[in-house]
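Peer 1: Residue 132 is where the sequence shown starts when you use my numbering, and the numbers rise one by one after that. For each residue, glycine too, the CB sits at the ideal point set by N, CA and C. Remember, predicted model here, so these are calculated numbers, not experimental data.
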Amino acid sequence: MNSLRAGASVIALALIAAILVIWQPWNSCDAPDEVCDFVAAVEDRDGVLGVQMSSEVMDHDVLAAPDLSVDLQFVLSDQLDP
């Protein structure tokens, strides 16, 4: 009976790990991949202390691509050279 519980526990932990890898709750970027890639590239630059991003679909026409509004705010170090 103990080996059955251990096996069930291992399967449950593997399932939870797979869900977390697919879902990625630590990745809060809900914009298109191009915007997320841009934000990630900017975050890695020297002097950038933080980035806040929000995105919103403005209008969605079934026959056309949706209009997307993206608001980016960067917190920069005051030690940057002009």
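#1: Taking only runs of the alpha helix (DSSP H) that begin and end inside the segment 156-191, which ones reach a length of at least 4 residues, in chain order?
#2: Nearest to V201 by CA position, among F169, E174, G138, is which residue?
#3: Among M189, H191, P197, V206, which has the Cα closest to the Cα of V182?
#4: Can you check DSSP and say which residues form a bridge with S200?
#5: If M184 and A162 are in contact, beta carbons under 8 Å, what's the gap, nearest whole angstrom?
Peer 2: With the structure as the only source:
#1: 164-174
#2: F169
#3: V206
#4: E187
#5: M184 to A162, Cβ: 7 Å. Contact.
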